[in-house]
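*Asks:* According to the working numbering, the stretch in the sequence shown is residues 3 to 188, in order. Glycine is no exception: its CB is placed at the ideal position from the N, C-alpha and C atoms. One structure, pasted below without further comment.
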Amino acid sequence: MISRQEAYELVKGHVKEDYMVKHMLAVEAVMRMLARHFGEDEEKWGIAGLLHDLDYMEAKSNFSRHGYITVKMLEEKGLDIPDEVKKAIIAHVGHPNHKRRLLIEKAIYPSDPVTGFIVAAAKVMPDKKLASVDVPFLLKRFKERRFAKGANRKAMKACEDIGLSLEEFLGIALEAMKGISDELGL
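In structure tokens form, the structure reads like this:
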């Protein structure tokens with residue numbers, strides 16, 4: 003399987019937008035924490051999170067291809083990517099023709115939008131730091147539809163498909179992101 007370092011170098015070489023790299027790192031952290039929580043393969047789950055938006059800029063003009071372009075790119079490079087990781091990369095978007103069956107697929111779907119939601123919460127704090135954010139604050143803001151309106155609440159609530167309440171899921175995601183707060187600049 004591709005190493006974390008190889009995957010990170012691929013991201014850094016392909017993704018030019020710093021905010022996208024940080025987003026991908028945040029999703030990686032959340033996926034790793036979820037893997038730990040469920041006793042799953044942390045490397046596989048982390049790689050899925052790290053590579054999930056590799057094609058974001060290419061897919062912006064044809065979003066129905068988002069995820070599929072990444073998988074094709076990885077295959078064309080001859081990289082050793084497990085099928086579960088490929089399925090997760092496709093599943094994170096919520097394509098109507100792709101059913102999320104594996105736990106990794108179900109986990110990445112809410113993990114993608116939750117990172118932007120948590121970043122938005124940190125940015126409204128006086129110090130603009132993740133350390134100042136807590137789960138009660140996130141739950142309160144979750145109910146405010148205008149707050150971080152780009153963060154898909156329905157997708158975030160899909161955490162229930164992996165047996166986590168919204169409160170539990172936000173706690174895990176927040177803890178994961180706090181663990182890489184320096185890398186995120188938050």
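Check the C-beta distance from Val32 over to Val116 and give it rounded, since I have them as a contact under 8 Å.
*Replies:* Contact between Val32 and Val116 holds, since their C-beta atoms are separated by about 7 Å, short of 8 Å.
*Asks:* If you draw a straight line from the alpha carbon of Met127 to that of Leu140, how long is it in whole angstroms?
*Replies:* If you take the alpha carbons of Met127 and Leu140, they lie about 12 Å apart.
*Asks:* Which first and last residues belong to the alpha helix (DSSP H) in which Met59 is found?
*Replies:* Tyr58 to Ala61
*Asks:* Using only alpha-carbon positions, find the residue among His25, Val87 and Lys74 that is nearest to Trp47.
*Replies:* Val87
*Asks:* So within the stretch 140-178, which uninterrupted alpha helix (DSSP H) runs reach at least 4 residues, ignoring any that extend past its ends?
*Replies:* 155-159
*Asks:* By Cβ distance below 8 Å, which residues in the same chain neighbour Arg6 in space, the five residues on each side in sequence not counted?
*Replies:* Glu45, Gly48, Ile49 and Leu52
*Asks:* For Leu49, report the span of its alpha helix (DSSP H) as first-last.
*Replies:* The sequence shown places Ile at residue 49, rather than the Leu named in the question. Ile49 -> alpha helix (DSSP H) spans Glu44 to Leu53.
*Asks:* Identify, in the order they occur along the chain, each residue of the same chain with its Cβ nearer than 6 Å to the Cβ of Phe149, setting aside the five sequence neighbours on each side.
*Replies:* In chain order, Arg143 place their CB closer than 6 Å to the CB of Phe149, counting only its own chain and leaving out the 5 sequence neighbours on each side.
*Asks:* For Pro84, which option in Gly96, Glu185 and Leu104 has the closest C-alpha, if you only look at C-alpha atoms?
*Replies:* Leu104
*Asks:* Would you kindly report the start and end of the unbroken alpha helix (DSSP H) that includes Phe40?
*Replies:* Asp20 to Phe40
*Asks:* According to the neighbour-count rule (16 or more other Cβ atoms, all chains shown, within 10 Å of its Cβ), is Asp20 buried or exposed?
*Replies:* exposed
*Asks:* Taking only the alpha-carbon atoms, compute the straight-line gap between Ala93 and Lys101 and give it to the nearest angstrom.
*Replies:* 7 Å
*Asks:* Tell me the residue span of the alpha helix (DSSP H) that contains Val73.
*Replies:* Tyr70 to Glu78
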